[in-house]
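> Read in numbering that gives the first Met the number 0, the sequence shown has 321 at position 322, and its numbers run on one by one without any break.
Note that the Cβ used here is the ideal one computed from N, Cα and C, for glycine as well.
Only a predicted model underlies this, so the values are computations on that prediction, with no experimental measurement involved.
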Amino acid sequence: MNTRTRPLFAVLYDAGAVPAGEIGTGLAPLGDIVFLLPQGSPHVEQMRPVIEQLGRTFTLTGDSSDDVELIRAIGPDAVLTFSERLIRPAAELAAAMGLPGQSVSTARIFTDKGLQRRVLREAGIDRTRTSVVEVLDDWSAALAEVGLPAIVKPVTGWSSQDTHAISSQEEAAEVLERLTEIHAAGSWRPFVIEEFLRGRPSGPFGDYVSVESICTPAGITHFVLTGKTPVVPPFRGTGRVWPSHLPLAEEQEILDLVTRSLEAVGSDCGFTHTEVKLTPDGPGIIEINGRISAHINMMAREACGVDLVRVGGLMALGEQPYLPPFDFGGKVRYQYNNIAPVRPGRLEAVHGADTVREMPGVTTYRNFVRPGDELPGGSTTLTLDTISGVAESHEAMVRTIEEARAALTFEFRFPDGVRRIGGLELPAY
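In structure tokens form, the structure reads like this:
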């Protein structure tokens with residue numbers, strides 16, 4: 000017989016949108032926490048001392064039947080995750096326990112980008128040419144079907160890992176060489192080739208936005224539309240802006256598109272993060288993710304006093320949480336991330352952090368990577384830091400971000416030696 004006096008949350012945890020400490024802060028007032036951890040995760044091993052202070056830990060085997068047996072032995076009152084790579088297992092375990100959560104079929108649509116495009120196309124929402132490379136031999140036919148320019152990314156992936164832009168046959172040959180290396184290493188997984196959605200000129204902002212939503216059986220609520228700063232190559236996001244710089248009429252057009260898209264994929268229990276491209280022909284879906292966006296919980300807490308982890312916990316308990324409209328107080332709130340170089344190396348030092356912290360318009364400067372940390376390189380988005388702040392206008396925000404970036408210098412040890420790189424130069428690396 001269950002004698003607990005507080006709800007028990009089972010959190011499937013790995014690197015993701017919300018760090019362990021924020022999960023503890025958001026859920027501890029609601030109940031007790033156990034963490035279900037995947038095997039072999041470097042992030043989990045690095046964070047284990049913190050995780051073990053927040054709750055008991057259990058290891059996921061990756062075998063569905065064994066993990067269902069584990070969750071039944073634990074007997075939680077709620078199952079949730081903030082990690083992209085654990086969305087499917089979380090849905091399966093919640094379903095096995097008869098607890099609220101995204102359905103297994105919707106979780107699969109969130110995490111299979113080829114299937115997601117097909118569902119949206121069949122609903123009349125998306126016309127992006129798409130072809131899946133199930134095996135390496137599918138490459139030539141898939142590329143010919145989509146044409147150039149195109150985007151290549153894993154069917155299931157996160158943080159822009161192994162995402163490539165192709166605008167010429169030479170670049171296509173380079174990407175094929177990379178996929179051949181993955182196949183030869185025994186690490187093959189299907190890829191999707193998509194028509195490149197060409198953005199309209201949007202500087203000094205990014206040519207895309209995102210919509211953060213909560214979905215429940217009672218309906219879909221979009222709680223914020225997030226403007227973006229420009230990406231760094233190939234497609235690594237750098238920052239978030241509240242409110243966006245867009246006219247209200249265009250924001251409503253985007254929200255309507257996202258509502259139709261979420262209804263098409265069947266989302267009815269949890270957060271979603273939908274990226275939308277701003278094209279000359281109107282907004283187009285980039286992709287839908289079954290989680291909140293990275294850093295958004297931190298930004299909501301700092302800007303509006305709203306803890307989205309708490310909101311997620313209440314949804315996982317089957318409640319209909321009240322999420323007040325975000326009030327920015329007539330100001331512009333922002334976060335900006337410097338992104339680690341594509342070249343592998345080691346961070347040796349960061350200079351200028353104290354100067355940034357003292358700048359007008361900057362409220363917080365946090366480092367996520369410490370001197371001595373090895374950086375793997377590649378196309379995966381790895382954030383070095385976060386500059387958070389508040390400005391009187393979008394124009395003032397842009398100036399503050401540029402001044403903060405100019406004040407920072409990063410020292411990296413690359414294979415060819417140590418190099419000092421200014422914050423404004425960093426995207427070139």
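Are L425 and G283 closer than 8 Å when you measure CB to CB?
Locating residue 425 in the sequence shown gives position 426, where the first residue counts as 1. Locating residue 283 in the sequence shown gives position 284, where the first residue counts as 1. Contact: no.
> Taking its Cβ as the centre, do 16 or more other Cβ atoms sit within 10 Å of L29, making it buried, or is it exposed?
Counting from one through the sequence shown, the residue named residue 29 turns up at place 30. That one is buried.
> Is DSSP giving F81 helix, strand or coil here?
Counting from 1 along the sequence shown, the entry for residue 81 is found at position 82. Coil, per DSSP.
> Going by beta-carbon coordinates alone, are T56 and F34 separated by less than 8 Å?
Residue mapping note: residue 56 aligns to position 57 of the sequence shown, counting from 1. Residue mapping note: residue 34 aligns to position 35 of the sequence shown, counting from 1. Cβ distance < 8 Å, so T56 and F34 count as in contact.
> Whole angstroms is fine: what's the gap from D76's alpha carbon to G311's?
In the sequence shown, the residue the question calls residue 76 occupies position 77. In the sequence shown, the residue the question calls residue 311 occupies position 312. Going by the C-alpha atoms only, they are around 13 Å apart.
> The beta strand (DSSP E) spanning I219 covers which residue range?
By one-based count along the sequence shown, residue 219 stands at place 220. Per DSSP, I219 belongs to the beta strand (DSSP E) from G218 to K227.
> Per DSSP, which residues does V210 bridge with? Please list them.
Here residue 210 corresponds to residue number 211 of the sequence shown, with the count starting at 1. According to DSSP, V210 bridges with L224 and T273.
> When the Cβ atoms of the region 327-338 are set against those of the region 38-54, are three or more pairs found closer than 8 Å?
As far as the Cβ criterion goes, the region 327-338 does not touch the region 38-54, which means the pair count is below three.
> Pull up the CB-CB distance for A9 and I70, whole angstroms please, since I reckon it's below 8 Å.
Residue numbering aside, residue 9 sits at position 10 when the sequence shown is read from its first letter. Residue numbering aside, residue 70 sits at position 71 when the sequence shown is read from its first letter. Confirmed, Cβ separation roughly 6 Å.
> By the 10 Å Cβ neighbour count, where 16 or more other Cβ atoms means buried, how is S159 classified, buried or exposed?
Position 160 of the sequence shown, counted from the first residue, corresponds to residue 159. Looking at its Cβ environment, which holds 16 or more other Cβ atoms inside 10 Å, S159 is buried.
> Opposite Q334 in the DSSP bridges: which residues?
The residue you call residue 334 lines up with position 335 of the sequence shown. In the DSSP output, where bridge partners are listed per residue, Q334 has R239 and S387.
> Quick one, are the C-beta atoms of H182 and L135 less than 8 Å apart?
Numbered from 1 along the sequence shown, position 183 holds the residue referred to as residue 182. Numbered from 1 along the sequence shown, position 136 holds the residue referred to as residue 135. Yes.
> How many whole angstroms separate the CB atoms of S292 and S201, which I take to be in contact at a CB cut-off of 8 Å?
Along the sequence shown, read from residue 1 onward, the residue named residue 292 stands at position 293. Along the sequence shown, read from residue 1 onward, the residue named residue 201 stands at position 202. About 19 Å; that fails the 8 Å criterion.
> Using CA coordinates, which residue listed in E286, N288 and P340 is at the minimum distance from F413?
Along the sequence shown, one-based indexing puts residue 413 at 414. Taking only the C-alpha atoms, the option nearest F413 is P340.
> Based on the DSSP output, what are the partners of G429 in its beta bridges?
There is simply no residue 429 to check, as the chain begins at 0 and stops at 428 in what is shown.
> Taking contact to mean 3 or more Cβ pairs, one atom from each stretch, closer than 8 Å, check whether the region 109-120 and the region 163-176 are in contact.
Because the criterion of three Cβ pairs below 8 Å is not met, the region 109-120 and the region 163-176 do not touch.
> In terms of alpha-carbon separation, which member of R300, H272 and L254 lies closest to G281?
Your numbering for residue 281 matches position 282 in the sequence shown. If we check each option's Cα against that of G281, L254 comes out closest.
> So, for V223: in the same chain, excluding its five sequence neighbours on each side, which residues have a beta-carbon less than 7 Å away from its beta-carbon?
Mapped onto the sequence shown, residue 223 falls at position 224. These residues qualify, in order along the chain: E211, W241 and F325.
> Applying the 10 Å Cβ sphere with the 16-neighbour rule, what's the burial state of R451?
There is simply no residue 451 to check, as the chain begins at 0 and stops at 428 in what is shown.
> In its own chain, which residues sit with a C-beta less than 6 Å from the C-beta of A90, not counting the 5 before and 5 after it?
Here the question's residue 90 lines up with position 91 in the sequence shown. Correct list, in chain order: G100, Q101, V103 and A106.
> Nearest to R345 by CA position, among S266, V67 and P375, is which residue?
By 1-based counting over the sequence shown, the position of residue 345 is 346. Out of S266, V67 and P375, P375 has the C-alpha closest to the C-alpha of R345.
> Would you call E194 buried or exposed, if buried means 16 or more other Cβ atoms sit within 10 Å of its Cβ?
Position 195 of the sequence shown holds residue 194. Answer is buried; the Cβ neighbour count reaches 16.
> Go to S167, then tell me how far its beta strand (DSSP E) extends in each direction, as first and last residue.
Translated into positions along the sequence shown, residue 167 becomes position 168. From DSSP, S167 is part of no beta strand (DSSP E); its letter is neither H nor E.
> G421 by DSSP, collapsed to three states: which one?
Stepping through the sequence shown from its first residue, residue 421 is reached at position 422. Here G421 sits in strand by DSSP.
> What do you get for V321, buried or exposed, if any count of 16 or more other CB atoms within 10 angstroms of its CB means buried?
Residue numbering aside, residue 321 sits at position 322 when the sequence shown is read from its first letter. In the sequence on display, residue 321 carries Tyr and not Val. Burial call: exposed.
> Answer with buried or exposed for A302, where buried requires no fewer than 16 other C-beta atoms within 10 angstroms of its C-beta.
Translated into the one-based positions of the sequence shown, residue 302 becomes position 303. A302 should be labelled buried.
> Quick test of your reading: S378 and T162, contact by CB under 8 Å. State the CB separation rounded to the nearest angstrom.
Numbered from its first residue, the sequence shown carries residue 378 at position 379. Numbered from its first residue, the sequence shown carries residue 162 at position 163. With a Cβ gap of about 5 Å, S378 and T162 count as contacting.
> According to DSSP, is F411 part of a helix, a strand, or is it coil?
One-based indexing of the sequence shown puts residue 411 at position 412. Three-state DSSP puts F411 in a strand.
> Grab me the residues of P323's own chain with a C-beta within less than 6 Å of its C-beta, minus the 5 sequence neighbours each way, in chain order.
Residue numbering aside, residue 323 sits at position 324 when the sequence shown is read from its first letter. Cβ neighbours of P323 beyond the five flanking positions: none.
> For the alpha helix (DSSP H) holding R71, just list the boundary residues, first then last.
Walking along the sequence shown from the start, residue 71 turns up at place 72. Here the alpha helix (DSSP H) through R71 covers S63 to I73.
> Since A93 and I50 are thought to touch, with beta carbons under 8 Å apart, how far apart are those beta carbons, to the nearest angstrom?
Position 94 of the sequence shown, counted from the first residue, corresponds to residue 93. Position 51 of the sequence shown, counted from the first residue, corresponds to residue 50. Rounded, the Cβ-Cβ distance is 21 Å, inconsistent with contact.
> Would M298 and R239 qualify as a contact pair, given that the criterion is a beta-carbon distance under 8 Å?
Within the sequence shown, the letter at position 299 stands for residue 298. Within the sequence shown, the letter at position 240 stands for residue 239. Going by C-beta atoms, M298 is nearer than 8 Å to R239.
> Straight-line CA distance for G317 to E373?
Position 318 of the sequence shown, counting from 1, holds the residue named residue 317. Position 374 of the sequence shown, counting from 1, holds the residue named residue 373. Cα-Cα distance, rounded: 42 Å.
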